[in-house]
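Colleague: Handing you this structure, nothing more for now.
2 protein chains.
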Amino acid sequence: MSTDTLTDLGRDERSRGTSGATLWFTGLPSAGKSTIAHALADRLVADGVAVEVLDGDVVRPHLSAGLGYTRADRDINVSRIGWVARLLASHGVVVLVPVIAPYADARASVRADHAEHAVPFGEVFVATSLAVAEGRDVKGLYARARSGEISGMTGVDDPYEQPTTAELTIDTAAVPLTESVAHAYALLTDLIPERLRS
Amino acid sequence: MSTDTLTDLGRDERSRGTSGATLWFTGLPSAGKSTIAHALADRLVADGVAVEVLDGDVVRPHLSAGLGYTRADRDINVSRIGWVARLLASHGVVVLVPVIAPYADARASVRADHAEHAVPFGEVFVATSLAVAEGRDVKGLYARARSGEISGMTGVDDPYEQPTTAELTIDTAAVPLTESVAHAYALLTDLIPERLRS
Chain A
0 MSTDTLTDLG
10 RDERSRGTSG
20 ATLWFTGLPS
30 AGKSTIAHAL
40 ADRLVADGVA
50 VEVLDGDVVR
60 PHLSAGLGYT
70 RADRDINVSR
80 IGWVARLLAS
90 HGVVVLVPVI
100 APYADARASV
110 RADHAEHAVP
120 FGEVFVATSL
130 AVAEGRDVKG
140 LYARARSGEI
150 SGMTGVDDPY
160 EQPTTAELTI
170 DTAAVPLTES
180 VAHAYALLTD
190 LIPERLRS
Chain B
0 MSTDTLTDLG
10 RDERSRGTSG
20 ATLWFTGLPS
30 AGKSTIAHAL
40 ADRLVADGVA
50 VEVLDGDVVR
60 PHLSAGLGYT
70 RADRDINVSR
80 IGWVARLLAS
90 HGVVVLVPVI
100 APYADARASV
110 RADHAEHAVP
120 FGEVFVATSL
130 AVAEGRDVKG
140 LYARARSGEI
150 SGMTGVDDPY
160 EQPTTAELTI
170 DTAAVPLTES
180 VAHAYALLTD
190 LIPERLRS
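Chains A and B supply the protein sequences, listed in that same order.
Numbering-wise (numbering that gives the first Met the number 0), the first sequence opens with residue 0 and increments by one.
Numbering-wise (numbering that gives the first Met the number 0), the second sequence opens with residue 0 and increments by one.
Below is the structure:
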């Protein structure tokens, strides 16, 4: 960055190097969001890229202890994760966010915040069907929701608004993991071509 | 980093480059925390260092909307900011945190979290006296607290536990800003000598 350029930019912009990007993996519980995100992270790390995975279950106690699963609380949780992702990505980190984010408005807000700060953002819809996701039931949550033990379960008694704006859609019932990762990697290559080689 | 080294480290470690650091500026309201942090940020940016200032008032709506100023809520707020700071610093960012953080235990937890993840951390006690800070009253909060309009004001009717573990103590009534910044810069140079030159 030349000195001439520096004088034209505010401090926030001047303190950034090459941009990272945020890839948000939205989808039903057990759709395969975390599996793809972590496999992609492994590949990126092998490439020497700075990566952070902000996994919903891991992040929630740090950022959103006390929040529940109402629409308002889910939206706040998504907003906080989006803000942290944008900060990290603005400093060159590739941030992978496997978080349900069931409401389109909240996802759109995160996208808008990234755009406002000129940080690349991609939405990956992990479009595994409810039947397949429930068949996996990695955490046993569908079973508990069906038995009435828990409520507010996305896909069962809580809504999931399918993305209409996703840059990439992956049905993990139809596509093997390696191919899913390759598609997501290709999307990243489009978002930050100067950082990755296809 | 050699390939041999890579195989000995987990993904988190492998995805990090040269470390950043967190400097936490603790002190009373109007002590001068933000002023020092932003002046230091300007100097670091001029040096080409990636910097993020997590200023309490700016960060709170993003991370802690809905929280108040009870001890429990303050501790949660500090913990969240500490977690975000540690993530950013682990990816090479110098994170400056001008946040009151009135309770020693909460500050110690942030320090411990950084240590656990091998991220450099320094505590700067901005030790301006209550009399001087209240005389400034940048936001008019002392006046509102004294008149009874607001309560839970640190230094007035809410405690401030003075640090006993600070790496640096600055009394802004005794030391001009340029000197305060130089001291904080020198502390950073101690924490991340490979990144900065004294």
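For each residue, glycine too, the CB sits at the ideal point set by N, CA and C.
In whole angstroms, what separates the C-alpha of Leu198(A) from that of Gly139(A)?
Modeller: No answer is possible for residue 198(A): the residues shown for chain A start at 0 and end at 197.
Colleague: Can you name the residues of chain B whose CB is closer than 7 Å to the CB of Leu38(A)?
Modeller: On the first sequence, residue 38(A) is found 39 positions in, with the first residue counted as 1. According to the sequence displayed, residue 38(A) carries Ala and not Leu. Residues of chain B passing the Cβ test: none, with the nearest at roughly 11 Å.
Colleague: Three Cβ pairs or more, each shorter than 8 Å: is that satisfied between the segment 174–192 of chain B and the segment 102–110 of chain B?
Modeller: Flag = no, the segment 174–192 of chain B and the segment 102–110 of chain B do not touch.
Colleague: Candidates Gly151(B), Val93(B) and Arg59(B): which alpha carbon is nearest Leu39(B)'s?
Modeller: Numbered from its first residue, the second sequence carries residue 39(B) at position 40. Nearest option by C-alpha distance: Val93(B).
Colleague: To which residues of the same chain is Tyr68(B) closer than 6 Å at the C-beta, ignoring the five residues directly before and after it?
Modeller: Sequence index remark: in the second sequence, residue 68(B) carries index 69 (1-based). Gly151.
Colleague: Bridge partners of Gly121(A), per DSSP?
Modeller: By one-based count along the first sequence, residue 121(A) stands at place 122. Bridge partners of Gly121(A): Leu22(A).
Colleague: Considering only residues of the same chain and omitting the five flanking positions on each side of Thr2(B), which have a CB-CB separation below 6 Å?
Modeller: Mapped onto the second sequence, residue 2(B) falls at position 3. Only weak support is given to the placement of Thr2(B): the predicted model assigns it a pLDDT of 34, under 50, and the value that follows is read from those uncertain coordinates. Around Thr2(B): no qualifying Cβ.
Colleague: Going by beta-carbon coordinates alone, are Ala20(B) and Gly121(B) separated by less than 8 Å?
Modeller: For the purposes of this step, residue 20(B) is identified with residue 21 of the second sequence, where counting begins at 1. For the purposes of this step, residue 121(B) is identified with residue 122 of the second sequence, where counting begins at 1. Yes.
Colleague: Just the C-alpha distance for Ala126(B) and Ala172(A), rounded to the nearest angstrom, thanks.
Modeller: For the purposes of this step, residue 126(B) is identified with residue 127 of the second sequence, where counting begins at 1. For the purposes of this step, residue 172(A) is identified with residue 173 of the first sequence, where counting begins at 1. Their Cα atoms are separated by approximately 60 Å.
Colleague: Terminal residues of the continuous beta strand (DSSP E) containing Pro97(A)?
Modeller: As a first step, residue 97(A) is located in the first sequence; it is residue number 98 there, counting from the start. Run containing Pro97(A): Val93 to Pro97, per the beta strand (DSSP E) assignment.
Colleague: What are the boundary residues of the beta strand (DSSP E) that Val50(A) is part of?
Modeller: Here residue 50(A) refers to the residue found at position 51 when the first sequence is read from its first residue. Segment Val50 to Val52, the beta strand (DSSP E) holding Val50(A).
Colleague: Sort Leu53(B), Arg85(B), Leu167(B) and Thr177(B) by Cα distance to Val123(B) and report the nearest one.
Modeller: Start at 1 with the first residue of the second sequence, and residue 123(B) comes out as number 124. For Val123(B), the nearest C-alpha among the options comes from Leu167(B).
Colleague: Within the continuous beta strand (DSSP E) that includes Ile169(A), where are the two ends?
Modeller: One-based indexing of the first sequence puts residue 169(A) at position 170. Looking at the DSSP string, the run of the beta strand (DSSP E) that includes Ile169(A) is Leu167 to Ile169.
Colleague: According to the neighbour-count rule (16 or more other Cβ atoms, all chains shown, within 10 Å of its Cβ), is Thr34(A) buried or exposed?
Modeller: By one-based count along the first sequence, residue 34(A) stands at place 35. Buried, by the Cβ-count rule.
Colleague: Under 8 Å, Cβ to Cβ, is there at least one residue of chain E near His90(B)?
Modeller: Included in the structure are the protein chains A and B, with no chain E among them.
Colleague: Closer than 6 Å by C-beta to Pro97(B): which residues in its own chain qualify, once you throw out the five before and the five after it? Chain order, please.
Modeller: Counting from 1 along the second sequence, the entry for residue 97(B) is found at position 98. So the qualifying residues of the chain are Phe24, Lys32, Ser33, Ala36 and Asp54.
Colleague: Ala105(A) CB to nearest chain B CB: under 8 Å?
Modeller: Taking the first residue of the first sequence as position 1, residue 105(A) is located at position 106. No, Ala105(A) does not count as interfacial toward chain B.
Colleague: Any idea if Thr153(B) is buried or exposed, counting beta-carbon neighbours within 10 angstroms, 16 or more meaning buried?
Modeller: Working through the second sequence from its first residue, we reach residue 153(B) at position 154. By the 10 Å Cβ count, Thr153(B) comes out buried.
Colleague: Could you check if Pro101(A) is buried or exposed, using at least 16 other CB atoms within 10 Å of its CB as the buried criterion?
Modeller: Taking the first sequence and counting its residues from 1, one reaches residue 101(A) at position 102. Classification for Pro101(A): buried.
Colleague: Please name the residue or residues paired with Asp74(A) in a DSSP beta bridge.
Modeller: Sequence index remark: in the first sequence, residue 74(A) carries index 75 (1-based). In the DSSP output, where bridge partners are listed per residue, Asp74(A) has none listed.
Colleague: Thr153(A) bridges to which residues according to DSSP?
Modeller: The residue given as residue 153(A) occupies position 154 in the first sequence. Partner(s): Asp157(A).
Colleague: Under 8 Å between beta-carbons, which chain A residues line up against Arg59(B)? List them in chain order, please.
Modeller: Counting from one through the second sequence, the residue named residue 59(B) turns up at place 60. Ordered by position in chain A, no residue passes the 8 Å Cβ test against Arg59(B), which lies about 12 Å from the chain.
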